[in-house]
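Participant:
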Amino acid sequence: MAAEKAEIDALKKECDGLRTKIEAARKAVNDGSMSAAAGGVASVGRVQLKNRKTLKGHLAKIYSLHWAADSRQMVSASQDGKLLIWDCFTGNKLVAVPLKSAWVMSVAFAPSGNLVASGGLDNMCTVYNIKAASPKTLRELDAHTGYLSCCRFLSDSEILTASGDTTCCLWDLETGKQKTVFTNHIGDCMSLALSPDQNTFISGACDSLAKLWDLREGTCKQTFSGHTSDINAIAFFPNGHAIVTGSDDCSCKMYDLRSDQEVIGYQDSSLNAGVTSLALSNSGRLIFAGYDDFNCHIWDTLKGEKVGVLSGHDNRVSCTGVPEDGMGVCTGSWDSFLKLWN
Amino acid sequence: MSGSSNLVAMKKVVQQLRFEASLPRVKVSQAAADLQQFCMQHAMQDPLLTGVSSSTNPFRPQKVCSFL
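Listed in order, the protein sequences are those of chains A and B.
Read in order, the letters of the first sequence correspond to residues 1 to 342 in my numbering.
Read in order, the letters of the second sequence correspond to residues 1 to 68 in my numbering.
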């Protein structure tokens with residue numbers, strides 16, 4: 001219909017105009033670079049952490065790990081079809097959860113420590129009660145039409161998921177039903193992170209965009225561009241005012257939420273491997289980023305410089321996590337091992 | 001017909017962009033200063049920056065203790 005085509009053309013024109021307006025508004029507040037502002041800040045020097053423990057037990061590639069809120073227990077997921085819950089102080093395995101589907105991509109610990117959740121190519125998020133005598137399946141959350149790439153509990157009654165079907169979803173665990181579906185990405189969602197105040201969350205996707213969402217309203221509030229490939233990892237800066245992303249384009253970026261733009265990039269010409277995972281230290285000063293080059297590189301958040309490396313894995317570092325007390329960092333790898341560093 | 005679903009999709013894109021265009025934005029220099037200040041204020045409570053002594057390191061390899 002000619003009338004409809006005319007309307008679509010008018011809307012396209014309005015889109016272009018709005019995009020230009022947004023770029024101009026961002027430029028207008030871009031009055032200085034973060035690395036320049038950090039000129040007066042003391043350097044952190046070389047950050048040299050030691051491998052304190054290697055956790056052995058998985059029989060295949062590890063895809064995901066998540067610390068419990070007690071900063072002592074940690075859950076890991078491997079395509080050997082198991083979730084393992086570890087006591088990281090002793091190195092002992094506490095619980096083994098056998099999975100119906102071995103193709104797991106993500107695992108999460110509930111803040112209470114009572115539940116863990118996992119999912120992957122089965123397109124489902126399965127929630128387990130690990131405090132029962134033997135791990136019991138509590139819920140199978142089955143509505144995504146693509147793989148489950150990431151999941152995070154808000155509490156024992158709500159969980160957020162990110163999927164290859166390009167949506168994120170908030171689920172009610174009492175009913176097992178979707179409460180809110182977050183649609184706006186045009187590529188597979190690969191990762192998500194909850195804000196410290198739990199009012200918002202961020203997602204990274206294969207459309208190379210990061211988005212900030214209002215959890216309760218279900219709306220996309222901000223969109224961050226700049227990466228030139230899939231965003232695999234995303235995290236909030238500890239005060240909730242900025243986010244850090246890691247991408248297949250071999251770089252990490254920090255976007256400030258209030259300036260609505262990228263404020264610093266973390267890349268090195270010698271680093272030609274994609275970023276798989278990332279975690280920040282408690283002050284936000286250090287970024288631990290896992291790469292396809294078998295290492296976890298450490299970046300100075302403020303200055304944008306590489307300040308250290310965690311070497312020791314024999315294959316891709318697929319997951320990275322810092323516990324709430326900030327006492328160390330854990331890396332998980334396709335070599336089937338987890339390593340604790342501090 | 002796919003025509004009208006294109007129209008609906010375009011309207012959603014425009015609506016989202018209108019919303020994003022209306023955001024208030026803070027100067028990058030201010031944002032950078034705030035992030036720096038946070039890092040500085042919390043540096044001493046960041047064990048990965050300050051280092052962990054072996055006596056308080058929860059991940060240290062277990063040593064066998066004996067009472068003498």
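Ideal placement from N, C-alpha and C gives every residue a C-beta, glycine not left out.
Bear in mind the structure is a predicted one, so any value in this text is a computation, not a measurement.
Taking just the CA atoms, how far does residue 124 of chain A sit from residue 85 of chain A?
Facilitator: Going by the C-alpha atoms only, they are around 20 Å apart.
Participant: Whether or not the segment 306–321 of chain A and the segment 25–42 of chain A are in contact is what I'm after, with contact meaning three or more pairs of Cβ atoms, one per stretch, closer than 8 Å; do they touch?
Facilitator: The segment 25–42 of chain A is not in contact with the segment 306–321 of chain A.
Participant: Going straight from the alpha carbon of residue 1 of chain B to that of residue 305 of chain A, what length do you get?
Facilitator: Because the pLDDT at residue 1 of chain B is just 47, under 50, the model does not fix this residue reliably, and the value given afterwards should be weighed accordingly. Those two C-alpha atoms are separated by around 53 Å.
Participant: Output yes if chain A places a C-beta closer than 7 Å to the C-beta of residue 15 of chain B; else output no.
Facilitator: Output row for residue 15 of chain B: interface = no.
Participant: Where does residue 262 of chain A land, buried or exposed, given buried means 16+ other C-beta within 10 angstroms?
Facilitator: Label assigned to residue 262 of chain A: buried.
Participant: Check for me: the beta strand (DSSP E) holding residue 73 of chain A runs from which residue to which?
Facilitator: Residues 73–78.
Participant: Quick one, which of A/208, A/241, A/215, A/217 has its alpha-carbon nearest residue 252 of chain A's?
Facilitator: Comparing Cα-Cα distances from residue 252 of chain A to each of A/208, A/241, A/215, A/217, the minimum goes to A/208.
Participant: At the level of alpha carbons, what is the spacing between residue 14 of chain A and residue 211 of chain A?
Facilitator: Each residue's alpha carbon lies about 21 Å from the other.
Participant: Is residue 338 of chain A buried or exposed, if buried means 16 or more other CB atoms sit within 10 Å of its CB?
Facilitator: Counting Cβ neighbours within 10 Å, residue 338 of chain A comes out buried, since at least 16 surround it.
Participant: With a 10 Å radius around its C-beta and 16 neighbouring C-beta atoms as the bar for buried, classify residue 47 of chain B as buried or exposed.
Facilitator: With 16 or more Cβ atoms within 10 Å of its Cβ, residue 47 of chain B is classed as buried.
Participant: Please check the pair residue 61 of chain B and residue 72 of chain A, which I expect to be a contact at CB under 8 Å, by giving their CB distance rounded to whole angstroms.
Facilitator: The Cβ separation is near 16 Å, so there is no contact.
Participant: I think residue 168 of chain A touches residue 203 of chain A, with their Cβ atoms under 8 Å apart; what is that distance to the nearest whole Å?
Facilitator: With 8 Å as the limit, residue 168 of chain A and residue 203 of chain A qualify as a contact, their Cβ atoms being about 5 Å apart.
Participant: With a 10 Å radius around its C-beta and 16 neighbouring C-beta atoms as the bar for buried, classify residue 46 of chain A as buried or exposed.
Facilitator: Exposed, by the Cβ-count rule.
Participant: Who are the near neighbours of residue 186 of chain A in its chain, counting only those whose CB is closer than 7 Å to its CB and skipping five residues on each side?
Facilitator: These residues qualify, in order along the chain: 166, 207.
Participant: Taking the continuous beta strand (DSSP E) assigned at residue 130 of chain A, which residues delimit it?
Facilitator: That residue, residue 130 of chain A, is in no beta strand (DSSP E); it is neither H nor E in DSSP.
Participant: Just the C-alpha distance for residue 142 of chain A and residue 103 of chain A, rounded to the nearest angstrom, thanks.
Facilitator: Cα to Cα, the separation comes out at about 16 Å.
Participant: Check whether the Cβ of residue 11 of chain A lies closer than 7 Å to any Cβ atom in chain B.
Facilitator: Cβ-Cβ to chain B under 7 Å: yes for residue 11 of chain A.
Participant: For residue 39 of chain A, count neighbouring C-beta atoms within 10 Å of its own C-beta (all shown protein chains included) and say buried if the count is 16 or more, exposed if not.
Facilitator: The residue in question, residue 39 of chain A, is exposed, as its Cβ has fewer than 16 Cβ neighbours within 10 Å.
Participant: Taking only runs that begin and end inside the segment 95–177 of chain A, name each unbroken alpha helix (DSSP H) of 4 or more residues, in chain order.
Facilitator: Qualifying alpha helix (DSSP H) stretches: none in this window.
Participant: Roughly how many angstroms separate the alpha carbons of residue 161 of chain A and residue 214 of chain A, rounded to a whole number?
Facilitator: Distance between the alpha carbons of residue 161 of chain A and residue 214 of chain A: 14 Å.
Participant: What span of residues does the beta strand (DSSP E) with residue 29 of chain B cover, start to end?
Facilitator: No beta strand (DSSP E) holds residue 29 of chain B; the alpha helix (DSSP H) holding it covers 28–42.
Participant: Kindly indicate which residue of A/322, A/149, A/274 has the alpha-carbon position closest to the one of residue 285 of chain A.
Facilitator: The option with the nearest alpha carbon to residue 285 of chain A is A/322.
Participant: Going along chain A, which residues have a C-beta under 7 Å from residue 53 of chain B?
Facilitator: Neighbours of residue 53 of chain B on chain A: none; closest Cβ ~11 Å, over 7 Å.
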